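The structure appears right after this line, and notes come after that.
Protein chains: 2
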Amino acid sequence: MNREYLTTIEKEMRKGLIEFAVLSVIAKNKIYTSDMLNLLKEAQLITSEGTLYPLLSRLSREEAVSYYWEESPSGPPRKYYQLTNKGQTMLNTYQILWIKISQSINFLIKKNEQ
Amino acid sequence: MNREYLTTIEKEMRKGLIEFAVLSVIAKNKIYTSDMLNLLKEAQLITSEGTLYPLLSRLSREEAVSYYWEESPSGPPRKYYQLTNKGQTMLNTYQILWIKISQSINFLIKKNEQ
DNA sequence: TTATCTACCTTGTATGACAAGGTACTCTAT
DNA sequence: ATAGAGTACCTTGTCATACAAGGTAGATAA
Numbered sequence: 001m002n003r004e005y006l007t008t009i010e011k012e013m014r015k016g017l018i019e020f021a022v023l024s025v026i027a028k029n030k031i032y033t034s035d036m037l038n039l040l041k042e043a044q045l046i047t048s049e050g051t052l053y054p055l056l057s058r059l060s061r062e063e064a065v066s067y068y069w070e071e072s073p074s075g076p077p078r079k080y081y082q083l084t085n086k087g088q089t090m091l092n093t094y095q096i097l098w099i100k101i102s103q104s105i106n107f108l109i110k111k112n113e114q
Numbered sequence: 001m002n003r004e005y006l007t008t009i010e011k012e013m014r015k016g017l018i019e020f021a022v023l024s025v026i027a028k029n030k031i032y033t034s035d036m037l038n039l040l041k042e043a044q045l046i047t048s049e050g051t052l053y054p055l056l057s058r059l060s061r062e063e064a065v066s067y068y069w070e071e072s073p074s075g076p077p078r079k080y081y082q083l084t085n086k087g088q089t090m091l092n093t094y095q096i097l098w099i100k101i102s103q104s105i106n107f108l109i110k111k112n113e114q
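Protein chains in written order, with this note's numbering: chain A, 1 to 114; chain B, 1 to 114.
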């Protein structure tokens, strides 16, 4: 497979899904940033710390998430995130939107397979 | 539902899926830009001409698509687009990637519903 | 011959993903 | 004690791109 544009494709495909994924992950797990980063890297939705930290700062500023500090059994303290009520509402909205968007895309793909 | 952030959500959710959608639409249909725009607006994947025209220029420059002019039965001539071989390969790559990404997202959503 | 519709395209702004670089705490091995 | 490795936090600068708004021009109908 041609690698020349793959990089671009991978980058672009991910855009905008990240915020949704982050909210989902926070909703489900008791989780701190560094672990979140690993999880989202595994899911191929994020590649860099420079994406996640500013995003979490923005979500904090917008009061979609809150956090508390907790000591680590080994290493520096960790910042654990939680959804606020507003964040939960946002997540619900995202879920509805995700269904709509993925149906749109799947429709366009299917048309192509006829 | 709170409209305050909905705008942002709608914008962000769409990012990066657009190129994929455009390639799919071109692959399936004999289509010119203005019609493509309507189709993608209906699918809620695009809102503005300022998104589609530069994107098609870029895809042309990258030789993923080619075009030919054809007269309209009423109005100015139309620019019809086609996939090149490279464009077809890109589309295949996008389709594989789409499956992967949407599975990732669906996995994160499901975890959240447990 | 003017207005309307269709179709093309460009410019300027804001946002955000990324790579790279940076701080500081804890533990282990010397 | 202290140097290094590992963990966890965060910032800065660059580039790409979605969008709104504005602009050009051909064809048809009043």
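Every residue, glycine too, gets a C-beta built ideally from N, C-alpha and C. Note that this is a predicted model, so its numbers are computed, not measured.
*When you compare only the Cα positions, how much space is there between R78 of chain B and S72 of chain B?*
Start at 1 with the first residue of the second sequence, and residue 78 of chain B comes out as number 78. Start at 1 with the first residue of the second sequence, and residue 72 of chain B comes out as number 72. Their Cα atoms are separated by approximately 6 Å.
*For E31 of chain B, three-class secondary structure by DSSP*: Residue numbering aside, residue 31 of chain B sits at position 31 when the second sequence is read from its first letter. It is Ile, not Glu, that sits at residue 31 of chain B in the sequence shown. Three-state result, I31 of chain B: strand.
*Can you tell me the Cα-Cα spacing of E4 of chain B and P76 of chain A, whole angstroms?*
Your numbering for residue 4 of chain B matches position 4 in the second sequence. Your numbering for residue 76 of chain A matches position 76 in the first sequence. For E4 of chain B, the pLDDT reaches just 48, beneath the cut-off of 50, and the residue's location in the model is therefore unreliable, although a value from the coordinates is still provided. Using only the alpha carbons, I get a separation of about 36 Å.
_Residues that I31 of chain A contacts on chain B, provided the C-beta gap is smaller than 8 Å_ = For the purposes of this step, residue 31 of chain A is taken as the residue at position 31 of the first sequence. Chain B residues near I31 of chain A: none, gap ~11 Å exceeds 8 Å.
*May I ask you to list, following chain order, the residues of the segment 48 to 75 of chain B that have a beta carbon less than 9 Å from some beta carbon of chain A?*
E62, A64
_From A:I31, A:E19, A:I18, A:F107, residue whose alpha carbon lies closest to that of Y67 of chain A_ = Counted from its first residue, the first sequence places residue 67 of chain A at position 67. Of A:I31, A:E19, A:I18, A:F107, the residue nearest in Cα terms is A:I31.
_Please identify the residue among A:I109, A:T84, A:S57 whose C-alpha is closest to the C-alpha of I96 of chain B._
As a position in the second sequence, residue 96 of chain B is number 96, starting the count at 1. The shortest Cα separation from I96 of chain B among A:I109, A:T84, A:S57 belongs to A:I109.
_Bridge partner(s) assigned by DSSP for Q82 of chain B_ = Within the second sequence, numbered from 1, the residue matching residue 82 of chain B stands at position 82. Its beta-bridge partners are B:S66.
*Under 7 Å from the C-beta of S104 of chain B: neighbouring residues of chain A*: As a working note, residue 104 of chain B is residue 104 in the second sequence. Under the 7 Å cutoff, chain A gives A43, Q44, L45.
*Where the alpha helix (DSSP H) containing T140 of chain B begins and where it ends*: Nothing in the structure corresponds to residue 140 of chain B, since chain B is present only between 1 and 114.
*From A:E62, A:T33, A:R61, A:S60, residue whose alpha carbon lies closest to that of L52 of chain A*: The sequence position of residue 52 of chain A within the first sequence is 52, counting from 1. The candidate whose alpha carbon is nearest that of L52 of chain A is A:T33.
*L17 of chain B and L45 of chain B look like a contact to me (Cβ under 8 Å); what is the Cβ gap, rounded to whole Å?*
In the second sequence, counting from the first residue as 1, residue 17 of chain B sits at position 17. In the second sequence, counting from the first residue as 1, residue 45 of chain B sits at position 45. Confirmed, Cβ separation roughly 6 Å.
*Does DSSP classify E42 of chain B as helix, strand or coil?*
Stepping through the second sequence from its first residue, residue 42 of chain B is reached at position 42. Helix at E42 of chain B.
*Would L108 of chain A count as contacting chain B if we go by Cβ distances under 7 Å?*
Counting from one through the first sequence, the residue named residue 108 of chain A turns up at place 108. Chain B contact via Cβ: present.
*Can you tell which of A:F107, A:P54, A:S24 has its C-alpha closest to the C-alpha of T89 of chain A?*
Numbered from its first residue, the first sequence carries residue 89 of chain A at position 89. That would be A:S24, whose Cα lies nearest to the Cα of T89 of chain A.
*Under a three-way DSSP split, which group does K15 of chain A fall into?*
Locating residue 15 of chain A in the first sequence gives position 15, where the first residue counts as 1. K15 of chain A: coil per DSSP, three-state reduction.
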